[in-house]
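Participant: What follows is a structure written as structure tokens; I'll ask about it next.
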Amino acid sequence: MQKMLKKHQQQPHVSVRKLYLLLPFFILLLPSFSQAQSMDLNQAWSQLLKVSDTLQAEQQSVKRAQAKNDATQDLGLPSLSLNANYTHLSDPLEFEASSLSSEGSPALVAGILQQIPNLALSEQDIFHASLQAMWPIYTGGKITAAQAISDAIVQEKEQQLQLAKHKLFLQLVDRYYALAVSEALESTQKKLLSSLQKHAHHAQKLEEHGQIAKVERLNADMALANAKLQYNNSVRQVEMANIALTRLLHITKINAVSDFVVSFDPLSLPNLLSITLSEHPALKLLKAKEAQAKSLIAVENSSYRPSVFLYANYTLYDDDSIISEMAPEWLVGVGLKVPLFSRDGRSGKVQAAKSAQLQARYTLAQTKQDLSLLVEHTYRQLLQAQEEMQSLQASMSLAQENKRLRDIAFRQGLSTSLEKVDAELKLSAVITQQLLAKYRYIQAYARLMSTSGQINLFIANSLLTEEKPS
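Here my numbering is used: position 7 in the sequence shown is 7, and no number is missing along the way.
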């Protein structure tokens with residue numbers, strides 16, 4: 001019995017051993033999408049255009065407007081309908097000859113009429129089927145104006161789609177380069193941590209040999225502890241930035257392909273203003289709204305004008321009654337309708353449409369001013385970030401030289417641990433400030449490119465930037 005129990009207890013260990021042997025093969029078979037994907041900005045933008053639910057919703061809105069626009073193109077065509085009806089009469093229609101006699105009629109005539117039987121003009125159950133056609137020839141401009149409104153609505157929806165693309169692009173740039181700068185900051189903190197670890201170890205050795213005081217070693221340990229905390233924070237920042245970007249792109253994990261080298265072409269403010277005020281989707285959208293209001297005025301004015309239409313009828317089936325036989329088989333005609341008095345408030349509707357047109361016009365003018373201010377403000381932010389990067393470049397050289405001298409002085413016992421750590425922290429701070437200045441520069445550049453409708457140019461410049469050596 002004990003041998004059986006022992007054998008039974010050993011079997012799981014054999015299975016676990018086999019599982020460990022097979023584990024590398026299972027790892028190799030894991031799907032590739034579980035690994036981090038490397039994407040440049042162009043690839044990320046293409047991915048976002050495919051998976052964005054916001055863009056899909058806006059595209060469906062455009063398709064909906066286009067379908068309605070196609071429907072309005074048929075308003076000027078003739079209509080043809082098949083009409084059929086069944087009618088049951090309480091009594092069939094009859095012609096009574098005796099009803100032709102009067103009190104003054106001669107007796108002979110009255111007698112003859114009395115002898116004539118009633119003539120059935122219709123049956124009690126009447127069936128009738130016909131084709132009816134109607135073609136509006138002139139509607140006072142209502143159809144043309146309605147079609148123009150529909151065209152303008154399509155343009156409005158298309159510009160809303162472009163605005164959604166611009167918004168998503170800026171969101172992508174913010175998150176993509178946020179990941180890039182987070183990774184760069186993590187690398188900086190990692191280097192600082194490594195340097196302070198070496199410094200703490202060196203300080204401990206110097207303390208053991210009596211070359212520095214205990215307080216110097218404690219200062220090195222405290223700096224190391226703070227560096228570990230900052231490094232852990234930078235790791236979490238990378239994780240959060242990665243989550244934000246992957247959620248946006250609907251993927252599991254991503255590595256931003258960017259060395260964070262900033263080298264974009266210089267921009268011209270007058271050129272940016274000119275392009276923005278002629279190509280921005282918000283302005284085109286407001287122009288489409290103004291066109292809608294203008295056409296709406298034409299629609300309301302058409303209610304004062306007459307309408308002319310052609311109509312026709314062709315009988316397909318009727319009964320064999322006398323009335324049906326007497327009715328024509330087909331007919332055509334021209335109709336005219338002249339509005340004289342109306343209770344639908346035509347004048348008020350015209351004034352409302354004119355107010356809508358003025359509203360769109362004033363909103364367009366204000367939007368132009370706002371866009372001009374936005375471009376100028378963002379352009380100055382770009383220059384400020386650029387100047388900050390240039391200034392920090394000089395600070396970088398100073399911080400690097402200061403660190404080098406402090407390292408030598410500390411090894412020779414001519415500098416304190418506090419001075420050594422301070423040099424390390426100053427260099428790390430300058431690197432961090434430079435990375436943040438680059439991030440602000442890229443953000444401002446992207447906003448200028450997006451506002452002026454040059455998204456593709458920004459992406460092309462970013463690809464060229466990534467190819468340049470850092």
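Each residue gets a CB set at the ideal place from its N, CA and C atoms; glycine is no exception.
All values derive from a computational prediction rather than experimental measurement.
(1) If you follow the beta strand (DSSP E) that Gly487 is part of, which residue opens it and which one closes it?
(2) Quick check on the burial criterion: 16 or more other C-beta atoms within 10 angstroms. Buried or exposed for Ser355?
(3) Which value, in whole angstroms, describes the spacing of the CA atoms of Tyr86 and Asp125?
(4) Check each candidate in Thr252, Ser450, Thr451 and Lys403 and name the one with the smallest Cα separation from His199.
(5) According to DSSP, is Ala327 part of a helix, a strand, or is it coil?
(6) Three or more C-beta pairs closer than 8 angstroms, one from the segment 402-419 and one from the segment 150-164: is that the case here?
(7) For the beta strand (DSSP E) that contains Leu80, what are its first and last residues?
(8) Anyone know if the C-beta pair for Gln357 and Lys294 falls short of 9 angstroms?
(9) What residues in its chain sit with their C-beta under 7 angstroms from that of Ser303, if we drop five residues either side in the sequence?
(10) I'd like to confirm something about Leu218: is its beta-carbon nearer than 8 angstroms to some heavy atom of the ligand NAP, or not?
(11) Identify whether Ser391 lies in helix, strand or coil by the three-state DSSP scheme.
(12) Using only the alpha-carbon positions, how far apart do Lys289 and Met326 sit?
(13) Could you pull the DSSP bridge partners for Ala133 from this structure?
(14) Would you check if the distance between the CB atom of Gln189 and the CB atom of Ser234 is smaller than 9 angstroms?
(15) Would you mind stating whether Ile137 and Leu310 have Cβ atoms separated by less than 9 angstroms?
(16) Within a Cβ cutoff of 6 angstroms, which residues of the same chain sit near Arg440, ignoring the five residues on either side of it in sequence?
(17) Where Leu457 and Ala446 are concerned, what is the direct C-alpha to C-alpha distance, given to the nearest angstrom?
(18) Alpha carbon to alpha carbon, how far is Leu448 from Gln43? Give it in angstroms, no decimals.
(19) Inspect the beta-carbon positions of Ala133 and Leu80 and report whether they are closer than 9 angstroms.
(20) Closer than 7 angstroms by C-beta to Gln472: which residues in its own chain qualify, once you throw out the five before and the five after it? Chain order, please.
(21) Using 10 angstroms around the beta-carbon of Tyr317, count the other beta-carbons present and answer buried if the total reaches 16, otherwise exposed.
(22) Name the DSSP bridge partner or partners of Ile126?
(23) Per the DSSP calculation, Asn255 is bridged to which residue(s)?
(24) Just to confirm my understanding: we take Pro31, look at its own chain, exclude 5 residues before and 5 after, and list those with CB closer than 8 angstroms. What are they?
(25) Taking 8 angstroms as the threshold, find out whether the segment 222-238 comes into contact with the segment 179-194 through three or more Cβ pairs.
(26) So, are the CB atoms of Leu373 and Thr451 less than 9 angstroms apart?
(27) Can you list, in chain order, the residues of its chain whose CB lies under 8 angstroms from that of Thr246, leaving out five sequence neighbours each side?
(28) Helix, strand or coil for Ser307 per DSSP?
(29) Look at the Cβ atom of Gln443, then the Cβ atom of Met389, and state whether they are nearer than 9 angstroms.
(30) I believe Gln204 touches Gly413 by the beta-carbon criterion, under 8 angstroms. Please report the beta-carbon distance rounded to the nearest angstrom.
(31) Going by the beta-carbon positions, is the gap between Val375 and Leu286 smaller than 9 angstroms?
(32) Let me check one thing: in DSSP terms, what residues is Tyr138 bridge-paired to?
(33) What are the boundary residues of the alpha helix (DSSP H) that includes Ser450?
(34) Specify the secondary structure class of Asp265 as computed by DSSP and reduced to three states.
(35) Along the chain, where does the alpha helix (DSSP H) containing Pro281 start, and where does it finish?
(36) With the cut-off set at 9 angstroms, would you say Asn69 and Asp174 are in Cβ contact?
Facilitator: Here's the rundown:
(1) An answer regarding residue 487 cannot be provided, because it is not within the stretch 1 to 470 covered by the chain.
(2) Looking up residue 355 in the sequence shown gives position 355. Under this definition Ser355 is an exposed residue.
(3) Numbered from its first residue, the sequence shown carries residue 86 at position 86. Numbered from its first residue, the sequence shown carries residue 125 at position 125. Cα to Cα, Tyr86 sits roughly 7 angstroms from Asp125.
(4) Translated into the one-based positions of the sequence shown, residue 199 becomes position 199. Among Thr252, Ser450, Thr451 and Lys403, the Cα nearest to that of His199 belongs to Lys403.
(5) For the purposes of this step, residue 327 is taken as residue 327 along the sequence shown, with counting starting at 1. Residue state, collapsed to three classes: coil.
(6) Pairwise C-beta distances place the segment 402-419 out of contact with the segment 150-164, as fewer than three of them are shorter than 8 angstroms.
(7) Working through the sequence shown from its first residue, we reach residue 80 at position 80. Note, Leu80: beta strand (DSSP E), Ser79 to His88.
(8) By one-based count along the sequence shown, residue 357 stands at place 357. By one-based count along the sequence shown, residue 294 stands at place 294. Result yes, Cβ atoms of Gln357 and Lys294 sit closer than 9 angstroms.
(9) The residue given as residue 303 occupies position 303 in the sequence shown. The residues are Pro339, Ser342 and Arg346.
(10) The ligand NAP is absent from the structure shown, which contains no ligands of any kind.
(11) Looking up residue 391 in the sequence shown gives position 391. Three-state result, Ser391: helix.
(12) Along the sequence shown, one-based indexing puts residue 289 at 289. Along the sequence shown, one-based indexing puts residue 326 at 326. Whole-angstrom Cα-Cα distance: 56 angstroms.
(13) Taking the first residue of the sequence shown as 1, we reach residue 133 at position 133. Paired residues: Leu80 and Ala312.
(14) Counting from one through the sequence shown, the residue named residue 189 turns up at place 189. Counting from one through the sequence shown, the residue named residue 234 turns up at place 234. Contact flag set, yes.
(15) Counted from its first residue, the sequence shown places residue 137 at position 137. Counted from its first residue, the sequence shown places residue 310 at position 310. The answer is yes: Cβ separation under 9 angstroms.
(16) Indexing the sequence shown from 1 puts residue 440 at position 440. If we look at Arg440 and ignore the five residues flanking it on each side, its Cβ neighbours are Ala385.
(17) Here residue 457 refers to the residue found at position 457 when the sequence shown is read from its first residue. Here residue 446 refers to the residue found at position 446 when the sequence shown is read from its first residue. Each residue's Cα considered, the two are about 10 angstroms apart.
(18) Locating residue 43 in the sequence shown gives position 43, where the first residue counts as 1. Locating residue 448 in the sequence shown gives position 448, where the first residue counts as 1. Roughly 21 angstroms separates the two Cα atoms.
(19) Taking the sequence shown and counting its residues from 1, one reaches residue 133 at position 133. Taking the sequence shown and counting its residues from 1, one reaches residue 80 at position 80. For Ala133 and Leu80, yes; Cβs fall inside 9 angstroms.
(20) The requested residue 472 is not part of the displayed model; the chain covers only 1 to 470.
(21) As a first step, residue 317 must be located in the sequence shown, where it is residue number 317. The residue is exposed, with fewer than 16 neighbouring Cβ atoms inside 10 Å.
(22) One-based indexing of the sequence shown puts residue 126 at position 126. Ile126 pairs with Thr87.
(23) Counting from one through the sequence shown, the residue named residue 255 turns up at place 255. Its beta-bridge partners are Ser38.
(24) Within the sequence shown, residue 31 is the residue found at index 31, counting from 1. Since pLDDT at Pro31 reaches only 39, below the 50 mark, its modelled position is unreliable, and no value is offered.
(25) yes
(26) Counted from its first residue, the sequence shown places residue 373 at position 373. Counted from its first residue, the sequence shown places residue 451 at position 451. No, they are not a contact pair.
(27) The residue given as residue 246 occupies position 246 in the sequence shown. Only Thr252, Lys253 and Ile254 meet the Cβ criterion.
(28) Residue 307 sits at position 307 when you count from the first residue of the sequence shown. The DSSP-derived three-state label of Ser307 is strand.
(29) Here residue 443 refers to the residue found at position 443 of the sequence shown. Here residue 389 refers to the residue found at position 389 of the sequence shown. Against a cut-off of 9 angstroms, the Cβ pair of Met389 and Gln443 comes out as no contact.
(30) Here residue 204 corresponds to residue number 204 of the sequence shown, with the count starting at 1. Here residue 413 corresponds to residue number 413 of the sequence shown, with the count starting at 1. No, Gln204 and Gly413 are not in contact; Cβ-Cβ is about 15 angstroms, not under 8 angstroms.
(31) By 1-based counting over the sequence shown, the position of residue 375 is 375. By 1-based counting over the sequence shown, the position of residue 286 is 286. Contact flag unset, no.
(32) On the sequence shown, residue 138 is found 138 positions in, with the first residue counted as 1. Answer is Val308, bridged to Tyr138.
(33) Locating residue 450 in the sequence shown gives position 450, where the first residue counts as 1. From DSSP, the alpha helix (DSSP H) with Ser450 extends over Ser417 to Thr451.
(34) Here residue 265 is taken as the residue at index 265 of the sequence shown, counted from 1. Asp265 carries a coil assignment under DSSP once its states are collapsed to helix, strand and coil.
(35) In the sequence shown, residue 281 corresponds to position 281, counting from 1. Run containing Pro281: Pro281 to Asn301, per the alpha helix (DSSP H) assignment.
(36) In the sequence shown, the residue the question calls residue 69 occupies position 69. In the sequence shown, the residue the question calls residue 174 occupies position 174. No, these two residues do not count as a Cβ contact at 9 angstroms.
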